[in-house]
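Asks:
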Amino acid sequence: MESNKTDKKTLFKGIKIMVFSLFSFFIGPTFMHMALNNKEKPLYMPMLIVGCLICAMAVILAFRGINTIMSSIFKKK
(Lines of atoms letter the chains of each structure in order from A; the text may use other names.)
(Lines give C-alpha, C1' and ligand atoms only; values in the text may rest on other atoms or scores of the structure.)
Protein backbone atom coordinates (compact mmCIF):
# COMPACT_ATOMS: atom_id res chain seq x y z
CA MET A 1 0.00 0.00 0.00
CA GLU A 2 1.42 3.35 -1.06
CA SER A 3 1.35 6.36 1.19
CA ASN A 4 0.49 9.82 -0.06
CA LYS A 5 3.52 11.75 1.08
CA THR A 6 4.49 15.16 -0.23
CA ASP A 7 7.29 15.18 -2.78
CA LYS A 8 9.65 17.68 -1.16
CA LYS A 9 11.72 18.42 -4.29
CA THR A 10 8.63 19.33 -6.28
CA LEU A 11 7.23 21.33 -3.37
CA PHE A 12 10.38 23.45 -3.10
CA LYS A 13 10.36 23.94 -6.86
CA GLY A 14 6.78 25.26 -6.61
CA ILE A 15 7.70 27.54 -3.73
CA LYS A 16 10.63 28.91 -5.74
CA ILE A 17 8.29 29.65 -8.66
CA MET A 18 5.90 31.42 -6.27
CA VAL A 19 8.75 33.59 -4.92
CA PHE A 20 9.59 34.70 -8.47
CA SER A 21 5.90 35.37 -9.03
CA LEU A 22 5.68 37.49 -5.89
CA PHE A 23 8.74 39.45 -6.99
CA SER A 24 7.15 40.01 -10.42
CA PHE A 25 3.88 41.14 -8.84
CA PHE A 26 5.75 44.09 -7.30
CA ILE A 27 8.18 44.90 -10.14
CA GLY A 28 5.61 44.94 -12.99
CA PRO A 29 3.30 47.61 -11.54
CA THR A 30 6.36 49.63 -10.50
CA PHE A 31 7.54 49.73 -14.11
CA MET A 32 4.05 50.65 -15.27
CA HIS A 33 3.78 53.43 -12.68
CA MET A 34 7.14 54.88 -13.70
CA ALA A 35 6.12 54.75 -17.36
CA LEU A 36 2.74 56.40 -16.81
CA ASN A 37 4.27 59.22 -14.78
CA ASN A 38 6.67 60.10 -17.61
CA LYS A 39 4.47 60.17 -20.72
CA GLU A 40 6.59 62.80 -22.44
CA LYS A 41 9.86 60.84 -22.13
CA PRO A 42 11.13 58.71 -25.04
CA LEU A 43 11.17 55.52 -22.93
CA TYR A 44 7.42 55.71 -22.21
CA MET A 45 6.31 52.93 -24.55
CA PRO A 46 9.18 50.47 -23.91
CA MET A 47 8.76 50.76 -20.13
CA LEU A 48 4.99 50.35 -20.42
CA ILE A 49 5.39 47.25 -22.59
CA VAL A 50 7.99 45.76 -20.22
CA GLY A 51 5.72 46.46 -17.24
CA CYS A 52 2.77 44.76 -18.92
CA LEU A 53 4.88 41.75 -19.85
CA ILE A 54 6.20 41.42 -16.30
CA CYS A 55 2.63 41.58 -14.94
CA ALA A 56 1.52 38.87 -17.37
CA MET A 57 4.54 36.76 -16.41
CA ALA A 58 3.62 37.16 -12.73
CA VAL A 59 0.13 35.78 -13.31
CA ILE A 60 1.45 32.86 -15.38
CA LEU A 61 4.10 32.07 -12.76
CA ALA A 62 1.49 32.18 -9.99
CA PHE A 63 -0.70 29.62 -11.75
CA ARG A 64 2.31 27.45 -12.55
CA GLY A 65 3.58 27.63 -8.98
CA ILE A 66 0.21 26.72 -7.48
CA ASN A 67 -0.12 23.86 -9.95
CA THR A 68 3.36 22.55 -9.04
CA ILE A 69 2.64 22.77 -5.32
CA MET A 70 -0.69 20.99 -5.71
CA SER A 71 0.85 18.24 -7.80
CA SER A 72 3.57 17.71 -5.18
CA ILE A 73 0.94 17.31 -2.45
CA PHE A 74 -1.76 15.25 -4.16
CA LYS A 75 -0.18 13.16 -6.96
CA LYS A 76 1.21 9.70 -6.38
CA LYS A 77 4.48 8.63 -7.97
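Numbering-wise (full-length UniProt numbering), the sequence shown opens with residue 1 and increments by one. Don't be surprised by glycine CBs; every beta carbon is placed ideally from N, CA and C.
Please find out if some non-hydrogen atom of the ligand PLP comes closer than 8 Å to the beta-carbon of M32.
Replies: Annotation note on the ligand PLP: not contained in the displayed structure, which lists no ligands.
Asks: Tell me whether the beta-carbon of T68 lies closer than 9 Å to the beta-carbon of G14.
Replies: Here residue 68 refers to the residue found at position 68 of the sequence shown. Here residue 14 refers to the residue found at position 14 of the sequence shown. Between T68 and G14, the CB-CB gap stays under 9 Å.
Asks: Going by alpha carbons, who is nearest to L61 out of M45, S21, L11, V50?
Replies: The sequence position of residue 61 within the sequence shown is 61, counting from 1. Of the listed residues, the one whose Cα sits closest to L61 is S21.
Asks: Going by CA-CA distance only, name the one from F74, V59, I66 that's closest to F25.
Replies: Position 25 of the sequence shown, counted from the first residue, corresponds to residue 25. Selected option, being the one with the closest Cα: V59.
Asks: Return the chain-ordered list of same chain residues with a C-beta closer than 7 Å to the C-beta of M47, the five sequence neighbours on each side being excluded.
Replies: Position 47 of the sequence shown, counted from the start, is the residue given in the question as residue 47. Hits under 7 Å: F31, M34, A35.
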